[in-house]
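Student: In the UniProt record's numbering, the protein residues as written are 1 to 286. Glycine residues also receive a C-beta, built at the ideal position from the N, C-alpha and C atoms. Submitted below is the structure of interest, expressed as C-alpha cells.
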Amino acid sequence: RHRIGPADIETVRELTATFSRVDQQRGGGHGRKAVVQYLKTDVAALLQGSFSTESVQRDMFGAAGELAYLAGWMAFDNSEHALAQRYFVLAVKLAARADDPPLTAHILRAMAHQALDLGAPEQALDLSTASIEGRRYTNATPRERALTGVVHARALATNGHNQAAARTLLQAEDDLTSADAGTPEPARTFFFTEAALAHETARTLTALGDTPGALRHYQHSIRTRGTTFRRTHAVTLGYLGAAHLTQGSLEEACTVWTTALDTIENGVHSARARQTITDMRNLLSP
C-alpha cells in the first residue's frame, strides 16, 4: 500500500494553485465542480492513507484545507452562499487538524468577507476578530497579515468603530509594505497585491463615509492590477462606478460600468461580478 509522502502533498498544492488561478481569471463559476470532485475523491482518499511522518500528515490536512477553502471561495463568488459556508467550515476543521493557525485565519477572513457582503456586520466582526487572534496573526507572513487585517478594518468600520478601523487599515498597509520577495509565502496569498489592498481599503473608506478617498483607492487598484485578475477587476469597476454615482458623477459612473460589462462579457463567470451590474441598475432606476 502506498505510503503518502511530500510528493503527494505537492500534487494537491499544484492543482489547488491551478484552480485558484482560473478562479481569479474567470470567476468561481468556472471549474468549481471539478474542485469539489477532486476533494471528494482523490484528496479524501489521501487523508485516509498511511503517512511517512506526522509532519507529512499535518501538511496533507493543510493542503486539503486549502482546497476545501477554494471550493468555498468559488461557491461564494458564484453566490452559492450556503454551500460556501459548508466548505469554509470543513476547511477550518482541516486547518485545525493540520495545526496551521495562519490557514485558519485565511478561512475565517473569507467567512468575514462573506458575512459583510451578506449584510451581517456583527457576525463579520466576530469572524474577523477571531482571524487575527494569537498565532493566527503572529505566525502569518506579512502579506497574509495585511489580508486578514484589511478585512478586519472593514468589519470594524461597518460596525461603526471608526478609529479602530483607521488604525487597523494603517497596520495592514505597513504589513503589506514589509512583505518582500525574499519571504517565502503560502501560494494562497498570491492574489493579495497592492491593487487588492487598495480595493479593500476603498471598501473600508466607503463604510467610513469617505467617498472621495474610496474613489482614489479604487482608481489606484484599477491602475496597478495585473491582467490575470479579471474577476476582481470587474468587481472593482462595479464599486468604482457606484462611488462615482454617490458623488453625483453619472457620466463617469456609466463609462466605468460599460468597462465592467465588457470585462464580464469576456468570459468572467462570477455572480459577484454580475451583482455589480444588478446593483447599478438598481442605483439608476428612479
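Considering only their Cβ atoms, is the gap separating Glu-80 from Thr-16 smaller than 8 Å?
Tutor: Within the sequence shown, numbered from 1, the residue matching residue 16 stands at position 16. Within the sequence shown, numbered from 1, the residue matching residue 80 stands at position 80. No.
Student: DSSP three-state label for Ser-55, please.
Tutor: Here residue 55 is taken as the residue at index 55 of the sequence shown, counted from 1. In this structure, Ser-55 counts as helix in the three-state DSSP scheme.
Student: Smallest Cα separation from Asp-126: which of His-152, Gly-119 and Thr-183?
Tutor: On the sequence shown, position 126 is the one that residue 126 refers to. If we check each option's Cα against that of Asp-126, His-152 comes out closest.
Student: With a threshold of 16 other CB atoms inside 10 Å of the CB of Pro-142, please say whether the residue is buried or exposed.
Tutor: By one-based count along the sequence shown, residue 142 stands at place 142. So Pro-142 counts as buried.
Student: When you compare the CB positions of Leu-103 and Ala-68, do they come within less than 8 Å of one another, or not?
Tutor: In the sequence shown, counting from the first residue as 1, residue 103 sits at position 103. In the sequence shown, counting from the first residue as 1, residue 68 sits at position 68. In this structure, Ala-68 does not lie closer than 8 Å to Leu-103 by Cβ.
Student: Is Ala-110 closer than 8 Å to Gly-62 when the C-beta atoms are compared?
Tutor: Locating residue 62 in the sequence shown gives position 62, where the first residue counts as 1. Locating residue 110 in the sequence shown gives position 110, where the first residue counts as 1. Not closer than 8 Å, so no.
Student: Taking the Cβ atom as the reference point for each residue, do Ser-50 and Ile-107 lie within a distance shorter than 8 Å?
Tutor: For the purposes of this step, residue 50 is taken as residue 50 along the sequence shown, with counting starting at 1. For the purposes of this step, residue 107 is taken as residue 107 along the sequence shown, with counting starting at 1. Against a cut-off of 8 Å, the Cβ pair of Ile-107 and Ser-50 comes out as no contact.
Student: Who are the near neighbours of His-220 in its chain, counting only those whose CB is closer than 7 Å to its CB and skipping five residues on each side?
Tutor: Locating residue 220 in the sequence shown gives position 220, counting from the first residue. Excluding sequence neighbours, His-220 sits near Ala-198.
Student: Thinking C-alpha only, which one of Leu-39, Ser-178, Ala-207 and Phe-88 is nearest Ala-164?
Tutor: For the purposes of this step, residue 164 is taken as the residue at position 164 of the sequence shown. The option with the nearest alpha carbon to Ala-164 is Ala-207.
Student: Excluding sequence positions up to five away, which residues of its chain have a Cβ less than 7 Å from the Cβ of Ser-178?
Tutor: Residue 178 sits at position 178 when you count from the first residue of the sequence shown. Around Ser-178: Pro-142.
Student: Can you look up Ser-128 in the DSSP assignment and give me helix, strand or coil?
Tutor: Position 128 of the sequence shown, counted from the start, is the residue given in the question as residue 128. Residue state, collapsed to three classes: helix.
Student: Kindly provide the ranges of any beta strand (DSSP E) runs that are 3 or more residues long and lie completely inside the stretch 10–57, ordered along the chain.
Tutor: List check, beta strand (DSSP E) in window: nothing returned.
Student: Pull the bridge partners of Arg-3 from the DSSP assignment, please.
Tutor: Position 3 of the sequence shown, counted from the first residue, corresponds to residue 3. For Arg-3, which the question treats as bridged, DSSP gives the partners Ser-50.
Student: Touch check for the stretch 39–54 and the stretch 242–254: three-plus C-beta pairs under 8 Å?
Tutor: No, the stretch 39–54 is not in contact with the stretch 242–254.
Student: Considering only residues of the stretch 120–187, which uninterrupted alpha helix (DSSP H) runs meet the minimum length of 4 residues and lie entirely inside it, listed in chain order?
Tutor: Entirely contained in the stretch 120–187, the alpha helix (DSSP H) runs reaching 4 residues are, in chain order, 121–131, 135–138, 142–158 and 162–177.
Student: How about the stretch 180–199 and the stretch 126–136: do they share at least three Cβ pairs that are nearer than 8 Å?
Tutor: The answer is no - the stretch 126–136 does not touch the stretch 180–199, with fewer than three Cβ pairs under 8 Å.
Student: Could you round the C-beta distance between Arg-231 and Ala-273 to whole angstroms and report it? I think they count as a contact, below 8 Å.
Tutor: For this step, residue 231 is matched to residue 231 along the sequence shown. For this step, residue 273 is matched to residue 273 along the sequence shown. Confirmed, about 6 Å.
Student: Which stretch, first to last residue, makes up the alpha helix (DSSP H) that contains Ala-84?
Tutor: For this step, residue 84 is matched to residue 84 along the sequence shown. Start and end: 81–97.
Student: The alpha helix (DSSP H) that contains Thr-258, what's its start and end?
Tutor: Counting from one through the sequence shown, the residue named residue 258 turns up at place 258. 250–265 is the extent of the alpha helix (DSSP H) around Thr-258.
Student: For Gln-48, does the count of other Cβ atoms within 10 angstroms reach 16, so buried, or fall short, so exposed?
Tutor: Position 48 of the sequence shown holds residue 48. Classification of Gln-48: exposed, given that the 10 Å Cβ count is below 16.
Student: With 16 as the cutoff for other CB atoms within 10 Å, does Pro-101 come out buried or exposed?
Tutor: Here residue 101 corresponds to residue number 101 of the sequence shown, with the count starting at 1. Result: buried.
Student: Take Val-268 and list the residues in its own chain whose beta-carbon comes closer than 7 Å to its own, dropping the five residues that flank it on each side.
Tutor: If you number the sequence shown from 1, residue 268 lands on position 268. If we look at Val-268 and ignore the five residues flanking it on each side, its Cβ neighbours are Arg-26, Gly-27, Arg-230, Arg-231 and Ala-234.
Student: Can you give me the start and stop residues for the alpha helix (DSSP H) that Gly-241 sits inside?
Tutor: In the sequence shown, residue 241 corresponds to position 241, counting from 1. Start and end: 230–246.
Student: Ignore the nearest five residues each way along the sequence and tell me which others in Thr-168's own chain have a CB closer than 7 Å to its CB.
Tutor: Numbered from its first residue, the sequence shown carries residue 168 at position 168. Cβ neighbours of Thr-168 beyond the five flanking positions: Gly-149, His-152, Ala-153 and Leu-156.
Student: Near Asn-139, what residues of its chain come up, given a Cβ to Cβ distance below 6 Å and the 5 sequence neighbours on each side ignored?
Tutor: The count along the sequence shown starts at 1 and reaches residue 139 at position 139. Hits under 6 Å: Pro-101 and Pro-102.
Student: Determine, for Gly-238, whether the minimum Cβ-Cβ distance to residues of chain C falls below 8 Å.
Tutor: In the structure shown, chain C does not exist; there is a single protein chain.
Student: With DSSP run on the structure shown, which of helix, strand or coil describes Arg-225?
Tutor: To locate residue 225, count along the sequence shown from 1; it is residue 225. In the structure shown, Arg-225 sits in coil (DSSP, three-state: anything other than H, G, I, E or B).
Student: Quick one, which of Arg-281, Ala-84, Trp-257 and Asn-159 has its alpha-carbon nearest Ala-120's?
Tutor: The sequence position of residue 120 within the sequence shown is 120, counting from 1. With distances taken between Cα atoms, Ala-120 lies closest to Asn-159.
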